[in-house]
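From first to last, the protein sequence lines stand for chains A and B. Just so you know, we're using our numbering here: the first sequence kicks off at 19 and counts up by one. Just so you know, we're using our numbering here: the second sequence kicks off at 213 and counts up by one. Quick reminder that beta carbons are idealized off the backbone N, C-alpha and C, glycines included. Note that the coordinates shown come from a computational prediction; the quantities given were computed from them, not determined experimentally. Reviewing the structure listed below.
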Amino acid sequence: MSLFKNNNNAERHKALEAGQKEGKFPLGVNRVRKEYLNGERIAVDDMSLNIREHEVTAMIGPSGCGKTTILRLMAGLEFPTRGNVESFGLPIDGPAPERGLVFQAYTSFPWLTVIENVQHGVAIQGYSKAEQRERAEHYLKLVHLTDFANAYPDELSGGMKQRVAIARALAQDPKILLLDEPFGALDAQVTWEMEEMVVEICEDTNKTIVLVTHDIQEAIYLADRIIFFTRQPGRIKEDISMEFKKGRRFKKKEDLLTEPGYVEMEKHLYTLMREEIQGPLS
Amino acid sequence: MNITAKTVSSDNDNKKKPELAPLFKPPREKFLSLRGTINSTQTIFLGLIGVISLFAFWEIAHHLTPEHQQKFLPNVSQVTSKLYYLFTEKGYLVDVGKSVYRIYLSFFIACMVAIPLGVLMGSFIKMRALINPTVGGLRYLPAASFVPLLLVYLGPTDSAKMALLFLGCVFFLVALILDNIEAVPRALIEAAQTMGASRFHIVFRVTFRSAAPQILDSMRNMIAVSWTYLVIAEIVAATDGIGAVMMRGARFLHVDVIMGGILTIGVLGVLTDVTFRVAAHFLFPHTRARR
Chain A
19 MSLFKNNNNA ERHKALEAGQ KEGKFPLGVN RVRKEYLNGE RIAVDDMSLN
69 IREHEVTAMI GPSGCGKTTI LRLMAGLEFP TRGNVESFGL PIDGPAPERG
119 LVFQAYTSFP WLTVIENVQH GVAIQGYSKA EQRERAEHYL KLVHLTDFAN
169 AYPDELSGGM KQRVAIARAL AQDPKILLLD EPFGALDAQV TWEMEEMVVE
219 ICEDTNKTIV LVTHDIQEAI YLADRIIFFT RQPGRIKEDI SMEFKKGRRF
269 KKKEDLLTEP GYVEMEKHLY TLMREEIQGP LS
Chain B
213 MNITAKTVSS DNDNKKKPEL APLFKPPREK FLSLRGTINS TQTIFLGLIG
263 VISLFAFWEI AHHLTPEHQQ KFLPNVSQVT SKLYYLFTEK GYLVDVGKSV
313 YRIYLSFFIA CMVAIPLGVL MGSFIKMRAL INPTVGGLRY LPAASFVPLL
363 LVYLGPTDSA KMALLFLGCV FFLVALILDN IEAVPRALIE AAQTMGASRF
413 HIVFRVTFRS AAPQILDSMR NMIAVSWTYL VIAEIVAATD GIGAVMMRGA
463 RFLHVDVIMG GILTIGVLGV LTDVTFRVAA HFLFPHTRAR R
């Protein structure tokens, strides 16, 4: 990796495409253990998990269960202590544009306007000026921010800032979108709007999405599959398919509430959560 | 469940002109209300009062001085008329120009050294480990102690004076810029990494760009320190510059010249500060939104 060159070299990209065609998993976590503080704290232990293409997978669990750790390993921002993480069969050796990440913290560049922020990510991918503009405008429209294209992030509300971050991540054309508690800092009403926007994005782009959240309703609403983590060290407690939704996405969140099977699912997840919170502290 | 809604004040609709509630008169704000509010007129007015009080204090001190010693504390008009005399008869403008030139050129060179070093150390921890212990230690050497050395090396030249001004601020500038770069949120850098940005791109177009307003602020603060070193730099074997004029004044006990020099440096310092603020306003439009 040279100092001046992007990570997105053509060879790697070709290998990824090949892996994708062969039907390899977008993300494969193989017997991963992640230690911090020289092994004093084990965030995740012996975890294996495959993320399926075009699915929304939610990772949920009590605080400190290592769900964010797994997402950061998937992004390539950190490396596992044991085991490995793969993307379409290729080992992950660092962050790359095919795995876009939206952080809980606001990460819009404050010195760029909204549209410049979105363009920035596109520009790194080596698109021409005209294409940059076109893509940026397209994704701003998708997150309903066209009217604020020329505002600076500091002039926007928290929800709008996160929409910029989502548009920016989408505009770099990732194969996988990683969302790290993206609405964690937003109030309930804005979170609700954002969740419905994510459903729209799923319909529009059919991206593979991995979502980390601590919100049970959000996980049920957005996910096709929920991975429930145990508390420290993080292991998979349950791998739950949202079969009751029968593959449908609900544009309005309240429509889901009357769906047969919803209440049972919510109750089940609350039960799991209670078990973890009240369980023996290690 | 029976949900009915009722408009709260239906009888208001009958009136043709709905009367507005009377204006609320908030309690008068005390002069020392905590944090408080201020408008632009008050800001200028209070600022002027501060400046005027300083000069009034000076004037009073002059009049309280016994008459035969008053030449050691000249009053405001004596100093300003001396300044006028210096500008018109003694070519003081050339001295001022010379000092400004020394300050700005030496500071420019200091920035050319400090900014790359600060960015390098703030971006790469191993570069920091390599450079910081040395540069950090150099901060504790008083710049004035370099005067004899610089005289031996460079003689009574312009370079010697600028070298002192340079040494006076460069090490602090490095430390400040290092702090500015390190204060850039890690998440910004990680976000750029997940976009596939190269390290080169991140250092220049994310980290440096993000810290740029704070770096300009550090520069504004350090050029003030440069001004404080001016007289020390121009004391030794200088024939021109504000400091040299002041030292000549001292030799002949011309206190009015010395105080005129102090006043000049003060005014130039304020102007420099304003220049930096105006530059920040135009260079970083995004920081305006925050105010």
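Residue 157 of chain A: member of the alpha helix (DSSP H) spanning 147–160, first to last residue. DSSP places residue 231 of chain A in the strand class (E or B) of the three-state scheme.
A Cβ-Cβ separation of about 5 Å places residue 246 of chain A in contact with residue 255 of chain A under the 8 Å criterion.
In terms of Cα proximity to residue 377 of chain B, the closest of B/422, B/390, B/398, B/362 is B/362. Close to chain B, meaning a Cβ-Cβ distance shorter than 8 Å, are the following residues of the stretch 138–157 of chain A: 138, 139, 142, 143. With a minimum length of 3 residues, there is no unbroken run of beta strand (DSSP E) contained wholly in the stretch 361–428 of chain B. Under the three-state reduction of DSSP, residue 222 of chain A is assigned to helix. If you check each beta-carbon in the stretch 98–120 of chain A against every beta-carbon of chain B, the ones closer than 7 Å belong to 113, 114, 115, 117, 118, 119.
Sequence-distant Cβ neighbours of residue 169 of chain A in its own chain, meaning closer than 6 Å and more than five residues away, are 132.
Residue 116 of chain A sits away from residue 48 of chain A, with the two beta carbons spaced by 8 Å or more. Contact of residue 421 of chain B with chain A is assigned, a C-beta pair being separated by under 8 Å.
Ranked by Cα distance from residue 269 of chain B, the first of B/288, B/317, B/466 is B/288. For residue 118 of chain A, the enclosing beta strand (DSSP E) starts and ends at 117–120. For residue 496 of chain B, the residues of chain A that pass the 8 Å Cβ criterion are 129, in the order they occur in the chain. Within its own chain, the residues whose Cβ lies closer than 8 Å to the Cβ of residue 275 of chain B, once the five positions on either side in sequence are excluded, are 287, listed in chain order. Counting C-beta pairs with one atom in each stretch, the stretch 119–129 of chain A and the stretch 399–411 of chain B have three or more that are closer than 8 Å, which means they touch.
Scanning its chain for C-beta atoms nearer than 8 Å, with the 5 sequence neighbours on each side dropped, one finds around residue 280 of chain A the residues 238, 262, 274, in chain order.
Boundaries of the beta strand (DSSP E) harbouring residue 76 of chain A: 74–78, taken from the DSSP string. Taking the Cβ atoms as the reference, residue 228 of chain A lies roughly 21 Å from residue 99 of chain A, outside the contact range of under 8 Å. With contact defined as three or more Cβ pairs closer than 8 Å, the stretch 459–467 of chain B and the stretch 427–435 of chain B are not in contact. The continuous alpha helix (DSSP H) containing residue 454 of chain B extends over residues 454–463.
In its chain, beyond the 5 residues on either side, 113 have a beta carbon closer than 7 Å to the beta carbon of residue 95 of chain A. Using beta-carbon distances, residue 493 of chain B does not count as an interface residue toward chain A, since no partner is under 8 Å.
As DSSP reads the structure, residue 198 of chain A sits in a beta bridge with A/230. If you keep only unbroken alpha helix (DSSP H) runs of at least 4 residues inside the stretch 282–361 of chain B, you get 288–301, 304–335, 337–350. Identification of residues in the stretch 176–191 of chain A having a C-beta nearer than 7 Å to some C-beta of chain B yields 190, given in sequence order.
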